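Under my numbering, the sequence shown has 380 at position 116, and the numbering climbs by one with no breaks.
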Amino acid sequence: MPLECLGVGVVKHSQGVRCHVEVRRRRGHQLATPLSFSSARFVLSALDAFADDVEEHRFHGGCGRATKGLLPLPIEDAQDARLVVDWTRCQGHGLCAHLVPELVKLDRHGFPVFMDTGVPSWLLGEAQKAVEMCPALALRIGMK
265 MPLECLGVGV VKHSQGVRCH VEVRRRRGHQ LATPLSFSSA RFVLSALDAF
315 ADDVEEHRFH GGCGRATKGL LPLPIEDAQD ARLVVDWTRC QGHGLCAHLV
365 PELVKLDRHG FPVFMDTGVP SWLLGEAQKA VEMCPALALR IGMK
């Protein structure tokens, strides 16, 4: 077994995953849960199946394919997103104010008053939920 697998030195590639699992197995340690073991097996399987791709990305920084908009990453310009209401449809249910109180308040008649700010990335999920749950279909997420 290489010294890196015994905790000597730093392993910065896929062999590190293999070493970690092997060391725990040899020392008789159980992984935290059966799910942890399944996860480890899945990762090892993926490393075997995509060994060439892993090496390509490791040594050359990527394959050159465009990934913008394909990966589930936060929207970079989330501050440009904002809740937009169609006032011809809004019936003043107020559900939006309960779902995203950081962005929507209710006026004295129960109609929503929208904050004059963009939707922060950490609130995009809640804002989308408000859009989907609006009984009058009066909300949408638009851009500034």
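Ideal placement from N, C-alpha and C gives every residue a C-beta, glycine not left out.
From a predicted model like this one, the values you see are computed outputs, not experimental measurements.
Given residue i as reference, the closest of the options once Cα atoms are compared
i	options	result
Thr-381	Met-407, Leu-370 and Gln-279	Met-407
Pro-365	Asp-350, Arg-353, His-373 and Val-383	Val-383
Val-377	Arg-329, Gly-358, Gln-392 and Ala-304	Gly-358
Arg-353	Asp-371, Phe-314, Ala-361 and Phe-375	Phe-375
Pro-399	Val-349, Asp-316, Gly-389 and Ala-313	Val-349
Arg-372	His-362, Trp-351, Leu-347 and Gly-356	Gly-356
Gln-279	Ser-302, Ala-315 and Trp-351	Ala-315
Leu-387	Leu-401, Ala-402 and Cys-360	Cys-360
Straight-line Cα distance separating residue j from residue i
i	j	result
His-284	His-321	21 angstroms
Gly-273	Glu-396	In this prediction, Gly-273 scores a pLDDT of 47, lower than 50, which makes its location untrustworthy; no coordinate-derived value is stated.
Leu-401	Ala-345	18 angstroms
His-393	Glu-286	What sits at residue 393 in the sequence shown is Lys, not His. Rounded to the nearest angstrom, the two C-alpha atoms are 44 angstroms apart.
Gly-389	Ser-302	30 angstroms
Met-379	Trp-351	15 angstroms
Phe-306	Ser-385	31 angstroms
Phe-323	Arg-329	16 angstroms
Beta-carbon spacing of residue i, residue j below 9 angstroms
i	j	result
Val-318	Leu-308	no
Leu-363	Arg-404	no
Ala-313	Val-281	no
CB-CB length for residue i against residue j, believed under 8 angstroms
i	j	result
Ala-391	Leu-370	So it is not a contact: roughly 17 angstroms between Cβ atoms.
request  = Please list the segments of the beta strand (DSSP E) lying wholly inside the region 332 to 400, counting only runs of 3 or more residues, in order along the chain.
outcome  = 345 to 349, 368 to 370 and 376 to 378
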